[in-house]
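Asker: Chains as they are written, first to last, in the UniProt record's numbering: chain A, 1 to 318; chain B, 1 to 529.
Just so it is clear, CB atoms sit at the ideal spot from N, CA and C, and this is done for glycine as well.
Just so we're clear, the structure is a prediction, and the values are computed from it rather than from any experiment.
Quick one: this structure, given as structure tokens, is what I'll be asking you about.
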Amino acid sequence: MNKLAAMITKRIVFGVLTLFAISLLIFVGVEALPGDLAEAILGQNATPETIQAFRTELKLDLPAHERYFAWINAFVHGDLGKSLANGRPIAEVIGWRFANSLLLAGATALFAIPLAIILGLLAAIYRDSWFDKCISMVTLSAISLPEFFVAYILIALLSVQIFLFPSISNINDQMSVFQKMHAIFLPCLTLAFVVVGHMMRMTRAAIINVLSSPFIEMAKLKGIGRKRIIVKHALPNALSPIINVVVLNLAYLVVGVVVVEVVFVYPGLGQLLVDAVSKRDLPVVQASGLIFAATYVFLNLTADVLSMLSNPKLRNPR
Amino acid sequence: MVGLELLQRLLSEGKVSRREFIAQAAALGATAAFSQSIFASNAFAGDEPRRGGRLRIGISGGSTTDTIDPAASTDMMNQILINGQLGNSLVEIDHENKPIPELAESWESSPDARIWNFKLRKGVEFHNGKTMDADDVIHSLNHHRGEDTKSAAKVIVDSIEEIKKEDKYTISIVLKSGNADFPFLLSDYHLIIAPATSDFTDGIFSGGYILQQYEPGVRAFATKNPNYFKSDRAFFDEVETLGINDVNARTNALKTGQIDIMNRCELKTVHLLKKMKGIEIIRQNGFKHYTFAMQCDTAPYNSNDVRLALKYGVDREKLLETILRGYGSIGNDHPISTANRYHASELPQRQFDPDKAKFHLKKAGITDASFDFHTSEAAFSGAIDAGVIYKETAAKAGITINVVREPNDGYWSNVWMKKPWCAVFWGGRPTEDMMFSTAYAADAAWNDTSWKNNRFNELLVTARAELDEAKRRAMYVEMQSIVRDDGGVVVPMFAADLAATSDKIAHGPVSANWELDGLRAPERWWFKS
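Have a look at this one:
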């Protein structure tokens with residue numbers, strides 16, 4: 001266990017360093033974009049005087065490094081700052097949106113992950129049968145189609161043709177949990193189409209890979225049934241790659257769903273980030289960028305810890 | 001239906017009378033249902049406005065960076081919220097493009113149109129219970145004035161020299177120079193009146209609905225103001241404004257009954273939407289237009305022959321049919337729309353004429369030049385395609401246009417007013433003077449063609465202070481002709497606004513000054529019984 005604790009500590013230290021590096025990259029990136037917040041907000045209505053008034057009030061006229069250090073100083077003291085565009089505290093702007101993003105990701109993961117693993121197992125058990133081929137074809141097509149296309153097809157079928165689910169998922173506080181679940185059904189289904197294929201293929205491949213090992217041969221010679229071999233002997237040994245692909249897909253569900261958010265008008269973090277970048281609202285970009293980065297760092301760490309725990313050799317080092 | 005659509009366009013441009021329209025439409029076999037949208041008159045069916053219900057608007061033009069401050073209001077979501085639901089201006093624009101009293105009860109000017117006295121309406125209550133008086137109005141107007149204001153309306157109120165309080169319900173506004181159209185200026189969507197103690201961030205105004213929830217770019221929720229000073233307005237119990245920037249999402253939401261009104265229909269598919277049961281399309285021919293602006297102080301555009309060659313080299317009909325799918329009208333190289341009061345219908349329409357284009361190019365002494373045309377989707381939807389079509393038609397006149405695609409990001413700060421020739425969007429203005437003073441006067445901040453014509457600038461000042469209608473009209477017609485023949489803009493077309501509603505929605509004649517009945521749909525429309 002010491003090794004595990006040491007690894008976790010090390011990874012957390014590296015994670016924090018990564019976050020700092022990312023904050024610097026985001027800052028440089030946004031600075032490199034043409035124009036600033038004053039110009040982006042006023043657009044065609046800008047005059048030199050109003051732009052100057054904006055810059056003075058928001059301290060945009062200070063040198064870039066001074067603004068960065070001011071921001072990072074506040075950040076390490078736990079102050080995310082305020083949105084430059086509308087002066088609202090960033091914690092307030094981001095908090096409920098991040099919760100929404102997690103809700104969408106969580107609801108999708110809840111049925112997509114078990115489904116993917118079961119389908120993967122079945123495909124491995126009935127390898128090369130018509131079932132395996134069908135499943136492979138369907139999931140591969142689902143991955144190949146762009147997600148907005150899947151989304152529009154689902155809307156056309158399940159919302160416009162037969163009104164089962166709403167075409168926009170703009171959930172709000174006035175809705176009950178059941179209403180929310182009903183509203184987010186179509187985006188969840190869309191995302192499931194995208195992620196199930198990936199996870200299912202990986203499960204199948206990992207198990208088939210293990211099936212060629214000598215100990216499976218041994219089990220077969222002992223006369224153990226195919227299903228028992230796969231579930232009891234192959235699956236535990238294939239867990240490590242499966243965990244990795246599941247966690248990567250989880251990360252995608254949290255941070256990579258901007259397109260789905262736009263199509264379904266879902267109030268998550270993605271749209272906020274896009275608007276903030278186009279308006280050069282740096283503190284908001286920083287905060288959401290860091291949340292995304294932290295999600296990745298955390299999930300990768302989880303994946304490593306879980307694969308370590310799933311591997312007896314790593315779990316009990318001599 | 002081509003015949004009917006042409007007829008509708010002619011009617012809206014004033015080229016046929018309403019009587020002729022009805023006769024011709026009947027000849028085409030059109031029923032009342034088709035002509036409804038053009039007279040915009042579901043109310044003519046005889047049903048009285050009915051109260052109640054929750055209106056749900058799916059709107060394009062919202063951003064998570066929006067604020068409730070009217071000074072920072074830049075796009076539709078906030079405009080339909082602040083102007084259509086929460087607040088009022090001193091002056092309102094009606095469906096005939098005339099200024100009518102709103103928070104101001106009446107107004108009068110000095111003979112030189114320099115000093116304006118506004119009598120304020122008594123007994124108007126803000127949402128916080130305070131009664132409106134002169135101090136509130138002065139505070140609200142001053143929000144856009146002064147050195148350190150961040151208001152996008154600074155240019156609009158720049159002409160004000162002084163605002164004086166005469167008594168509790170009278171203010172007097174002294175202008176730097178006479179302006180017969182001054183009441184129109186006060187109808188601007190930024191100039192919303194808030195209580196004198198307001199910092200403009202709490203959404204407390206005097207309008208027909210009271211703000212309950214507001215999440216910028218996502219959702220706003222407002223309920224009926226029981227103490228609203230207009231008894232014949234604000235019919236809904238609740239209004240929900242949803243930011244839906246994706247046009248497909250908006251259309252689907254309307255089709256599936258999740259919203260009642262949407263703005264900005266997709267031009268490519270609106271003919272299909274029109275055929276759907278239970279959906280009505282509302283077309284407004286307003287002031288919105290696109291220009292191709294040339295910097296008149298930069299070679300080769302400093303030669304009027306080059307400008308004329310490029311004006312003759314554009315095929316307006318084709319652009320209108322391709323880019324706007326016919327939902328608009330062709331322009332005549334000046335920014336005054338048929339919806340404006342003094343539109344010069346007597347000026348001959350400039351046509352695509354390769355021979356004249358060649359002639360002027362030759363006269364300018366340019367034979368084999370290529371012109372860089374800077375464009376981007378940020379200018380207007382379809383601006384890049386417009387550039388490519390322009391390039392193709394101009395080639396027939398021996399003009400080489402090089403279409404330069406610019407990034408959407410930062411288009412207004414890095415390309416517009418900077419590059420010598422670029423595509424521009426204009427929302428247009430309800431008066432000739434506002435449009436010309438904003439973008440064509442020699443000293444205007446947004447004179448995006450750097451155009452300086454002495455006769456034009458003289459006329460602009462004289463016409464502004466002239467109270468005699470006939471004289472004003474003559475001057476504005478001359479100005480339109482000067483812009484057309486000497487100005488730095490190609491104005492290929494005016495774009496119509498297209499909105500769609502469920503057939504449960506009823507309304508009277510609509511104003512064309514802004515989208516959705518001059519931004520007033522939540523206040524003026526109602527649910528049919």
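Using a C-beta to C-beta distance shorter than 7 angstroms, which residues of chain B count as neighbours of A/Tyr126?
Answerer: Those do not exist, as A/Tyr126 stays about 39 angstroms from chain B at its closest Cβ, beyond 7 angstroms.
Asker: Between the C-alpha atoms of A/Lys3 and A/Val305, what's the straight-line distance to the nearest angstrom?
Answerer: Taking the straight line from one Cα to the other gives about 11 angstroms.
Asker: Taking only runs of the alpha helix (DSSP H) that begin and end inside the segment 217-283 of chain A, which ones reach a length of at least 4 residues, in chain order?
Answerer: Correct list: 235-255, 258-263 and 269-278.
Asker: Does any C-beta atom of chain A lie closer than 8 angstroms to the C-beta of B/Val218?
Answerer: Judged by the 8 angstroms Cβ criterion, B/Val218 is in contact with chain A.
Asker: Taking C-alpha atoms, which residue in A/Val274, A/Val262 and A/Val277 lies nearest to A/Phe148?
Answerer: Among A/Val274, A/Val262 and A/Val277, the Cα nearest to that of A/Phe148 belongs to A/Val262.
Asker: If I follow the unbroken alpha helix (DSSP H) through B/Lys154, where does it start and stop?
Answerer: Counting along the chain, the alpha helix (DSSP H) containing B/Lys154 begins and ends at Lys154 to Val157.
Asker: Can you list, in chain order, the stretches of the alpha helix (DSSP H) that have 4 or more residues and sit fully within the segment 99-172 of chain A?
Answerer: If we require 4 residues or more, the alpha helix (DSSP H) runs fully inside the segment 99-172 of chain A come out as 130-144 and 147-155.
Asker: Comparing alpha-carbon positions, which option in A/Phe111, A/Asn244, A/Met137 and A/Thr47 lies nearest B/Asp158?
Answerer: Closest by alpha carbon: A/Thr47.
Asker: Verify the CB distance criterion: does B/Gly52 have a CB-CB separation below 8 angstroms to chain A?
Answerer: Closer than 8 angstroms: no.
Asker: Give every residue of the same chain whose Cβ lies closer than 6 angstroms to the Cβ of B/Phe39, excluding the five residues on either side of it in the sequence, and list them in chain order.
Answerer: Low local confidence applies: a pLDDT of 45 at B/Phe39 is under 50, so the model's placement there is unreliable, and no value is given.
Asker: In terms of residues, what are the limits of the beta strand (DSSP E) holding B/Asp167?
Answerer: Segment Ile160 to Asp167, the beta strand (DSSP E) holding B/Asp167.
Asker: In three-state DSSP terms, what is B/Trp426?
Answerer: It is a strand residue.
Asker: Nearest chain D C-beta to B/Gln295 closer than 8 angstroms, yes or no?
Answerer: As a matter of chain content, chain D is missing from the structure shown, whose protein chains are A and B.
Asker: Closest to A/Ala74 by CA distance: which of A/Ser169, A/Ile208, A/Gln286 and A/Asn300 is it?
Answerer: Ranking the options by Cα distance to A/Ala74, first place goes to A/Gln286.
Asker: Under a Cβ-count criterion, where at least 16 other Cβ atoms within 10 Å of its own Cβ denotes burial, should B/Gly29 be classed as buried or exposed?
Answerer: Reliability fails at B/Gly29, whose pLDDT of 47 lies under 50, so the model's placement of it is uncertain and no value is given.
Asker: Taking only three categories from DSSP, how would you classify B/Val218?
Answerer: Coil.
Asker: By DSSP, does B/Ala30 sit in helix, in strand, or in coil?
Answerer: Caution is warranted here: a pLDDT of 45 is assigned to B/Ala30, below 50, making its placement in the model unreliable, and the coordinate value is therefore given only provisionally. Looking at B/Ala30 - three-state DSSP - the assignment turns out to be coil, as it is neither helix nor strand.
Asker: Taking only the alpha-carbon atoms, compute the straight-line gap between A/Ala21 and A/Ala294 and give it to the nearest angstrom.
Answerer: Computed Cα separation, rounded: 12 angstroms.
Asker: Taking all protein chains shown into account, do 16 or more other C-beta atoms lie within 10 angstroms of the C-beta of A/His77, making it buried, or fewer, making it exposed?
Answerer: Flag for A/His77 reads exposed.
Asker: For chain A, find out if any of its Cβ atoms is closer than 8 angstroms to the Cβ of B/Val155; answer yes or no.
Answerer: Cβ-Cβ to chain A under 8 angstroms: yes for B/Val155.
Asker: Suppose the cutoff is 7 angstroms on Cβ atoms and the five residues either side in sequence are ignored; what does the same chain contact list for A/Val138 look like?
Answerer: Same-chain partners within the cutoff: there are none.
Asker: Within the continuous beta strand (DSSP E) that includes B/Arg54, where are the two ends?
Answerer: First-last of the beta strand (DSSP E) with B/Arg54: Arg54 to Ile59.
Asker: Is B/Asp503 close to chain A, meaning its C-beta is less than 8 angstroms from at least one C-beta of that chain?
Answerer: No, B/Asp503 lies away from the interface with chain A (no Cβ there is under 8 angstroms from its Cβ).
Asker: Does any C-beta atom of chain A lie closer than 8 angstroms to the C-beta of B/Trp412?
Answerer: Judged by the 8 angstroms Cβ criterion, B/Trp412 is in contact with chain A.
Asker: If the criterion is Cβ atoms closer than 8 angstroms, does the pair B/Val91 and B/Gln284 meet it?
Answerer: No; because the gap between Cβ atoms is not below 8 angstroms, this pair is not in contact.
Asker: Would B/Phe380 and B/Val404 be called neighbours here (beta carbons separated by less than 8 angstroms)?
Answerer: Against a cut-off of 8 angstroms, the Cβ pair of B/Val404 and B/Phe380 comes out as no contact.
Asker: Please confirm if the segment 224-234 of chain B is in contact with the segment 162-170 of chain B, defined as three or more CB-CB distances below 8 angstroms between the two stretches.
Answerer: Contact between the segment 224-234 of chain B and the segment 162-170 of chain B is absent, because fewer than three Cβ pairs lie under 8 angstroms.
Asker: From the DSSP secondary-structure annotation, give me the bridge partner or partners of B/Gln213.
Answerer: Per DSSP, B/Phe221.
Asker: Does DSSP put A/Ile291 in a helix, in a strand, or in coil?
Answerer: If DSSP states are grouped into helix, strand and coil, A/Ile291 belongs with the helices.
Asker: Whole-angstrom Cβ separation of A/Ala85 and A/Ile41, contact assumed at under 8 angstroms?
Answerer: Confirmed, about 6 angstroms.
Asker: Can you give the Cα-Cα distance for A/Thr116 and A/Leu239, rounded to whole angstroms?
Answerer: For the record, residue 116 of chain A in the displayed sequence is Ala; it is not Thr. Distance between the alpha carbons of A/Ala116 and A/Leu239: 14 angstroms.
Asker: When the Cα atoms are used, what is the spatial distance from A/Ile184 to B/Gly518?
Answerer: Roughly 34 angstroms between the two C-alpha positions.
Asker: A/Lys313: buried (16+ other C-beta within 10 angstroms of its C-beta) or exposed?
Answerer: The residue in question, A/Lys313, is exposed, as its Cβ has fewer than 16 Cβ neighbours within 10 Å.
Asker: According to DSSP, simplified to helix, strand and coil, what is B/Pro70?
Answerer: Correct three-state label for B/Pro70: helix.
Asker: Closer than 9 angstroms by beta-carbon distance: list the chain B residues that pair up with A/Thr190, in chain order.
Answerer: Under the 9 angstroms cutoff, chain B gives no residues; its nearest Cβ is about 13 angstroms from A/Thr190.
Asker: Using a C-beta cutoff of 8 angstroms, does A/Ile155 count as contacting chain B?
Answerer: Output row for A/Ile155: interface = yes.
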